[in-house]
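Residue numbers (the numbering used here): 1 to 111. Idealized CB from N, CA, C, for every residue including glycine.
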Amino acid sequence: MLTTLPSARTKALQVAAVFLLLLGDQSSAADLAHGRAIANRWCSECHVTGPGQQRGSDNVPTFSEMKKSGKLDAARLSTFLSAPQHSRMPDLSLTRAEISDLAAYIKSQGH
Ligand code: HEC
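Here it is, written out as structure tokens:
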């Protein structure tokens, strides 16, 4: 009885891990769509956020340029947006979830 317990637990963890992986795949499409919506709403005034947009402000990096620069994971974006030492940007008070969705969207930009 006691000896079977660990393997039952391992099995349960494996099932949980597979389940989480599947969930992760499903939520990333939703994250992207959400990130795009936030970008259109809050960022496109100044940044060119996607291929459909013709113009942003002068001298503001486009999302595709940000992606190319490769320095934008969710953690850096979060630091950047929550400590707007780049003072030309407004403090947008985005949640962590919104920021990670934005990061996912920015990563999907440009080639
Ligand atoms: C009012 C205009 C404005 C809005 C709105 C705005 N930005 Fe910016 N952003 C800027 C400017 C200007 C810069 C150039 C850096 C600076 O401020 O010196 C910048 C820089 C950045 C950078 C740094 C890029 C780099 O390569 O260093 C990131 C990341 C960024 N913006 C993300 C966002 C996101 C995400 C949003 C929407 C939630 C957003 N910005 C909304 C004006 C804006």
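Terminal residues of the alpha helix (DSSP H) in which residue i lies
i	result
A103	96 to 107
K68	63 to 69
A39	Looking at the DSSP string, A39 is not in any alpha helix (DSSP H), and its letter there is neither H nor E.
R76	74 to 82
Cβ-Cβ separation, residue j to residue i (assumed contact under 8 Å), whole Å
i	j	result
L77	I99	6 Å
Proximity winner among the options, relative to residue i (alpha-carbon distances)
i	options	result
G56	K67, H34, N40, G70	N40
Q109	P61, A8, A12, W42	P61
T79	T95, K68, K67	T95
Own chain, CB closer than 8 Å to residue i, minus 5 neighbours either side, in chain order
i	result
A97	none
Q53	S44
F63	A39, C43, H47, V48, T49, G50, Y105, I106, Q109, G110
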